[in-house]
Amino acid sequence: MALIMTRPASRRIGPTPDRSRWLEPTRRTALWLFGWPVRYVRARRNLAVLAAMSDMQLKDIGLYRADVVSATALPRDEDPTPQLAALVRERRQYRGARRG
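Numbering (full-length UniProt numbering), first residue to last: 1 to 100.
See below:
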């Protein structure tokens, strides 16, 4: 009589859970936390460039000094450029609608 050795059946039913799916939120959080200083420096650098411009230069790009000052109220790691660009677009649309 021959003895046949077989592996015991796996206790899991269904597919094996994917660890990367479980670790993804942790990885994203870690990247966000470690990337914060870089985002902060970039955002403040962009704001410093705008603050160093003269009132005439700001007017040429459609901004006022008050817009730059109000951008300092944004979260520290948020780049003010997209919000200021949206403000300029809105003003241009409004001026275009008034003329047309």
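A virtual CB, placed ideally from N, CA and C, is assigned to each residue, including glycine.
Quantities reported herein were computed from a predicted structural model and do not represent experimental measurements.
Consult DSSP for E78 and reduce its assignment to one of helix, strand or coil.
-> As a first step, residue 78 is located in the sequence shown; it is residue number 78 there, counting from the start. Three-state result, E78: coil.
Could you please give the first and the last residue of the uninterrupted alpha helix (DSSP H) stretch that includes D67?
-> Within the sequence shown, the letter at position 67 stands for residue 67. Start and end: 65-71.
Quick one: give me the first and last residue of the alpha helix (DSSP H) that M56 is part of.
-> As a first step, residue 56 must be located in the sequence shown, where it is residue number 56. Its alpha helix (DSSP H) spans residues 55-60.
Contacts around R39, its chain only, beta-carbon distance under 6 Å, and the 5 residues preceding and following it disregarded | Counted from its first residue, the sequence shown places residue 39 at position 39. If we look at R39 and ignore the five residues flanking it on each side, its Cβ neighbours are D77.
Would you kindly check if the distance between the Cβ of A43 and the Cβ of P80 is under 8 Å?
-> Numbered from 1 along the sequence shown, position 80 holds the residue referred to as residue 80. Numbered from 1 along the sequence shown, position 43 holds the residue referred to as residue 43. For P80 and A43, yes; Cβs fall inside 8 Å.
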